[in-house]
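Trainee: Chains A and B supply the protein sequences, listed in that same order. For the first sequence, this note's numbering begins at 1 and goes up steadily by one. For the second sequence, this note's numbering begins at 223 and goes up steadily by one. Think of the CB as a built atom: it goes at the ideal place given N, C-alpha and C, for glycine as much as any other residue. First, the structure itself, so that you have it in front of you.
2 protein chains.
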Amino acid sequence: MNPQNKRKPSNEQVSELTTNRLSVYLRCLNQLESAGVNTISSQALAEQFHLNAAQIRKDLAYFGEFGVRGVGYYVKELKRHLRQILGLDRKVRVAVMGAGNLGLALADYPGFRREGFEIVAMFDVADAKIGDESRSGVPIFDLKELKKIVKRDRIDIAVIAVPAESAQPVLEQVVAAGIKAVLNFSPGTLKQPKGVKLKSVDLTVSLESLSFYLAQGIDPEE
Amino acid sequence: MNPQNKRKPSNEQVSELTTNRLSVYLRCLNQLESAGVNTISSQALAEQFHLNAAQIRKDLAYFGEFGVRGVGYYVKELKRHLRQILGLDRKVRVAVMGAGNLGLALADYPGFRREGFEIVAMFDVADAKIGDESRSGVPIFDLKELKKIVKRDRIDIAVIAVPAESAQPVLEQVVAAGIKAVLNFSPGTLKQPKGVKLKSVDLTVSLESLSFYLAQGIDPEE
Chain A
1 MNPQNKRKPS
11 NEQVSELTTN
21 RLSVYLRCLN
31 QLESAGVNTI
41 SSQALAEQFH
51 LNAAQIRKDL
61 AYFGEFGVRG
71 VGYYVKELKR
81 HLRQILGLDR
91 KVRVAVMGAG
101 NLGLALADYP
111 GFRREGFEIV
121 AMFDVADAKI
131 GDESRSGVPI
141 FDLKELKKIV
151 KRDRIDIAVI
161 AVPAESAQPV
171 LEQVVAAGIK
181 AVLNFSPGTL
191 KQPKGVKLKS
201 VDLTVSLESL
211 SFYLAQGIDP
221 EE
Chain B
223 MNPQNKRKPS
233 NEQVSELTTN
243 RLSVYLRCLN
253 QLESAGVNTI
263 SSQALAEQFH
273 LNAAQIRKDL
283 AYFGEFGVRG
293 VGYYVKELKR
303 HLRQILGLDR
313 KVRVAVMGAG
323 NLGLALADYP
333 GFRREGFEIV
343 AMFDVADAKI
353 GDESRSGVPI
363 FDLKELKKIV
373 KRDRIDIAVI
383 AVPAESAQPV
393 LEQVVAAGIK
403 AVLNFSPGTL
413 KQPKGVKLKS
423 VDLTVSLESL
433 SFYLAQGIDP
443 EE
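This is the structure:
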């Protein structure tokens, strides 16, 4: 089967977990490419990165037939396809809401840029910050200019890094400015806006998983 | 069955996904408690928070029998048990490595404190930062003092928020100082140290999942 024949997935069929796994595969392929590896089997990919070979084959087969019998996957090819599936074959333009420590850290996070995300603007309400820029040169605009700049800079995704009490009103402004995908770092719950993909990152969950391991006294070696 | 009879889970049996789900349940119970809810069925819990009722029952049954026939779960009781399972029934003491924007943001992240994590120290190598403190009052120490302060302040978990090129040496210093659980925010891969639980948070994965939704044009409403 030709990769061009890929089925259009529905929301029910492609879970968040699947897209997360595709991201992980892409990260692994980046490493393999840097190491000069040209082809890899699902089995070797699974062993090297502690993944599940059957799951890899299932996830990838869903989007087309990328493996070659007796060879496995061509690293460069598969990487290109994954980037296409994940929408990274074009620049994805991101705005960061809030120019506090977290916002500044996210604006300058080197991983984003490397994967094709372009942080084009930050927004804040503090006069002292507006007109300034992050260390890597992301300009900080007045929140009042959000609508204008979202349109001018064709911003795809907004990242919310404002204090918890401002998160809901900022989300509403972002949605009113026409943004369709939002990544929220503020603690607490936001109302799901209609027609917008909202994803929240709760940093506490990761710490709790470590706390669990310490509490249960589980041997961290698999 | 009595909750005291809980089985000691092995690493194979309790996956990271399970502990992540326990964290999510705890987050939901916090909300229910704030809203004055006393009891809830797995079905209602699932519906209210878009979870899977069978999965909830399975996850919780694994640690003991917390539900009561005809009643469901007592919110306060289940919350107390979950906090105990997750090791949050005592203060968990955390150090943040690196007092840059990300480190400062993590040190002051309100979600950590609320769940019982105590950020007791930050470490850096820059003279200009050492002796200073974060906005919420977390002191910044010289990295050279790590071993001494880990012992003195009984630090359980280290959070790595240093630039990518320093992450591996900092991880080694943290492990040498006797810390058994590490949360890494630096992009790139770290060597898994023996006898230490290392968890990496890749912020790019969340952005890629949004990019996927934009690229596929999937309706974000379930």
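I need the straight-line Cα distance from A328/B to E255/B, nearest angstrom please.
Mentor: Sequence inspection shows Leu at residue 328/B; the Ala mentioned does not correspond to that position. Each residue's Cα considered, the two are about 26 angstroms apart.
Trainee: Does the beta-carbon of L82/A, which I'm using as the reference point, lie nearer than 7 angstroms to any heavy atom of the ligand ADP?
Mentor: Although the ligand ADP was asked about, the structure shown includes no ligands whatsoever.
Trainee: If we define contact as Cβ-Cβ less than 8 angstroms, is S256/B a contact residue for chain A?
Mentor: So, not an interface residue.
Trainee: Are M319/B and V397/B close, meaning C-beta to C-beta below 8 angstroms?
Mentor: In this structure, V397/B does not lie closer than 8 angstroms to M319/B by Cβ.
Trainee: For R243/B, which of helix, strand or coil comes out of DSSP?
Mentor: Residue state, collapsed to three classes: helix.
Trainee: Check whether the stretch 338 to 357 of chain B touches the stretch 114 to 133 of chain A, counting contact only when three or more Cβ pairs, one atom from each stretch, lie closer than 8 angstroms.
Mentor: Cβ pair count under 8 angstroms is below three, so no.
Trainee: What are the partner residues of L405/B, as DSSP defines its beta bridges?
Mentor: V381/B, K421/B, per the DSSP bridge assignment.
Trainee: Mapping DSSP to helix, strand and coil, what is V150/A?
Mentor: Reduced to three states, the DSSP call for V150/A is helix.
Trainee: In the structure shown, what three-state DSSP assignment does R93/A receive?
Mentor: Strand at R93/A.
Trainee: Would you list the one or two residues that DSSP bridges to G72/A?
Mentor: G72/A is bridged to V68/A.
Trainee: With distances taken between CB atoms, is the gap from R305/B to L248/B smaller than 8 angstroms?
Mentor: Contact flag set, yes.
Trainee: Given this structure, state the Cα-to-Cα distance separating K180/A from Q265/B, to the nearest angstrom.
Mentor: Using only the alpha carbons, I get a separation of about 31 angstroms.
Trainee: Going by DSSP in three states, D364/B sits in which element: helix, strand or coil?
Mentor: DSSP places D364/B in strand when its eight states are reduced to three.
Trainee: If the cut is a Cβ gap below 9 angstroms, which residues of chain B does N20/A touch?
Mentor: Under the 9 angstroms cutoff, chain B gives V427, S428, E430, S431.
Trainee: Starting from D346/B and walking both ways along the beta strand (DSSP E), at which residues does that stretch end?
Mentor: D346/B -> beta strand (DSSP E) spans 339 to 346.
Trainee: With distance defined between alpha-carbon atoms, name the residue in G103/A, A54/A, G178/A nearest to V150/A.
Mentor: For V150/A, the nearest C-alpha among the options comes from G178/A.
Trainee: Which residues of chain B have a Cβ atom closer than 7 angstroms to the Cβ of K180/A, listed in chain order?
Mentor: Within chain B, the residues near K180/A are L436.
Trainee: In the DSSP assignment, the alpha helix (DSSP H) including R135/A goes from what residue to what residue?
Mentor: It is not in any alpha helix (DSSP H) - R135/A carries neither H nor E in the DSSP assignment.
Trainee: Name, going along the chain, the residues of the stretch 80 to 109 of chain A whose beta-carbon falls closer than 9 angstroms to a beta-carbon of chain B.
Mentor: Flagged, chain order: Q84, I85, L86, G87, L88, D89, R90, V92, V94, G100, N101, L102, G103, L104, A105, L106, A107, D108, Y109.
Trainee: How long is the line joining the alpha carbons of D375/B and R315/B, rounded to whole angstroms?
Mentor: Using only the alpha carbons, I get a separation of about 8 angstroms.
Trainee: Take the Cβ of V293/B as the centre, count every other Cβ of all protein chains shown within 10 Å, and call the residue buried at 16 or more, exposed below.
Mentor: Exposed, because fewer than 16 other Cβ atoms sit within 10 Å of the Cβ of V293/B.
Trainee: Please classify N38/A as buried or exposed, where buried requires at least 16 neighbouring CB atoms within 10 angstroms.
Mentor: The residue in question, N38/A, is exposed, as its Cβ has fewer than 16 Cβ neighbours within 10 Å.
Trainee: Does DSSP classify S15/A as helix, strand or coil?
Mentor: S15/A falls in the coil class under three-state DSSP.
Trainee: Closer than 7 angstroms, Cβ to any Cβ of chain B: which residues of the stretch 152 to 174 of chain A, in chain order?
Mentor: Cβ contacts with chain B: D156, I157, A164.
Trainee: Does T411/B come within less than 8 angstroms of chain A when only Cβ atoms are used?
Mentor: With 8 angstroms as the cut-off, T411/B counts as an interface residue toward chain A.
Trainee: Please list, in chain order, the chain A residues whose beta carbon lies closer than 9 angstroms to that of D424/B.
Mentor: Ordered by position in chain A, the residues that pass the 9 angstroms Cβ test against D424/B are S23, V24, R27, G111.
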